[in-house]
Each structure stands twice: as structure tokens, then as C-alpha cells.
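Right, one structure below, let's go through it.
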């Protein structure tokens, strides 16, 4: 599994917003400068995070972005699934139920299913609060 630039930058943007949680709406320009990510790229990420209900948007003079939920309620899995669409290690697992005509006798599917559960369980166990406080998932993770 490989996390795309969109997934990595989405996570960085959300961590930045978690670090400034409770300060109101944060200008995209400020996030861009702090994270060294182009404002144009962040503008492309926002629709994915909005659709998933992770961001609140305010337009105008005092506009910007803030988390839609407390940092305790947003997991790394939520963010990456929003940005990537799916974290399934093989394409046949992206549909529920699995539509592959070979899935009933596929000898490799249990391997990929196990991998998927390990990854999603791990990422679901890390919240934005865990990241900004240095806790979570046994403290044994890196970004």
C-alpha cells in the first residue's frame, strides 16, 4: 500500500488544524505557509475532506477552515479514506460485497483481507489528538 501525496498532505493539513483547534477559522494561506504545501494543492484537497464531514468552511473576510469535530473524534483512517477513497490493498476488496467472480475460491484473498484489517485497525486507533500530544497506538507510530 502506498499513500499518495493527496493523502499525506490531507493528514498534514488536518494535523495543523488540530494544533489550532478552538482558535476559529484558519486561513488556508496560514496552513500553506506552516506546512510548506502550496495553497493551490490544499484547495484541491478540501473538497474530499468536506465531503467526508471532516472540515467546516467559512468564506469571506474572516473565512477559513476548522475541524468539523473534536480532534479526539477524527482518526488517521478517516482522513486517509477521505483522501484516498479506499485503503484496500487490492481492487477487488473495494466493493462490499466482493464482486470478483473468483473471491469464493481465491487463496490470496484472506491474506489481503488480513492486511486490510491490520492497517485499518491501526489507523483507526490514532486520532488527531493522539498525534498532537504524542500518544496513541502505543506511541509506536511515525508520520
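Residue numbers (the numbering used here): 1219 to 1361. Even glycine gets a Cβ: it sits at the ideal position worked out from N, Cα and C.
Residue nearest to residue i in terms of C-alpha spacing, selected from the options
{"i": "residue 1281", "options": "1305, 1242, 1327 and 1231", "result": "1242"}
{"i": "residue 1240", "options": "1228, 1246, 1283 and 1222", "result": "1283"}
{"i": "residue 1343", "options": "1253, 1219, 1294 and 1286", "result": "1294"}
{"i": "residue 1347", "options": "1256, 1287, 1258 and 1247", "result": "1287"}
{"i": "residue 1335", "options": "1308, 1345 and 1353", "result": "1308"}
{"i": "residue 1279", "options": "1236, 1327 and 1246", "result": "1246"}
{"i": "residue 1266", "options": "1329, 1312, 1231 and 1345", "result": "1231"}
Residues near residue i in its chain [Cβ-Cβ closer than 8 Å; skip 5 each side]
{"i": "residue 1269", "result": "1300"}
{"i": "residue 1298", "result": "1221, 1225, 1228, 1229, 1305 and 1341"}
{"i": "residue 1302", "result": "1221, 1222, 1224 and 1225"}
Those residues which DSSP pairs with residue i across a bridge
{"i": "residue 1259", "result": "None; residue 1259 has no bridge partner."}
{"i": "residue 1400", "result": "The first residue shown for the chain is 1219 and the last is 1361, placing residue 1400 beyond what the model contains."}
{"i": "residue 1338", "result": "Beta-bridge pairing links residue 1338 to no other residue."}
Close beta carbons around residue i, own chain, < 7 Å, minus the five adjacent residues each side
{"i": "residue 1360", "result": "Any answer about residue 1360 is weak, because its pLDDT of 49 lies below 50 and its placement is not dependable; what the coordinates show is given next. Cβ within range, chain order: n/a, list empty."}
{"i": "residue 1337", "result": "1219 and 1305"}
Cutoff 6 Å; reference residue i; Cβ partners in own chain excluding five residues on either side
{"i": "residue 1331", "result": "none"}
{"i": "residue 1238", "result": "1244"}
{"i": "residue 1274", "result": "1284 and 1286"}
Meets three-Cβ-pair contact criterion under 8 Å: the stretch 1255-1272 and the stretch 1309-1328: At 8 Å Cβ cutoff, the stretches do not touch.
In chain order, which beta strand (DSSP E) runs of at least 3 residues are fully inside the stretch 1257-1309? Taken in chain order, the unbroken stretches of beta strand (DSSP E) that lie wholly in the stretch 1257-1309 and span 3 residues or more are 1273-1276 and 1282-1285.
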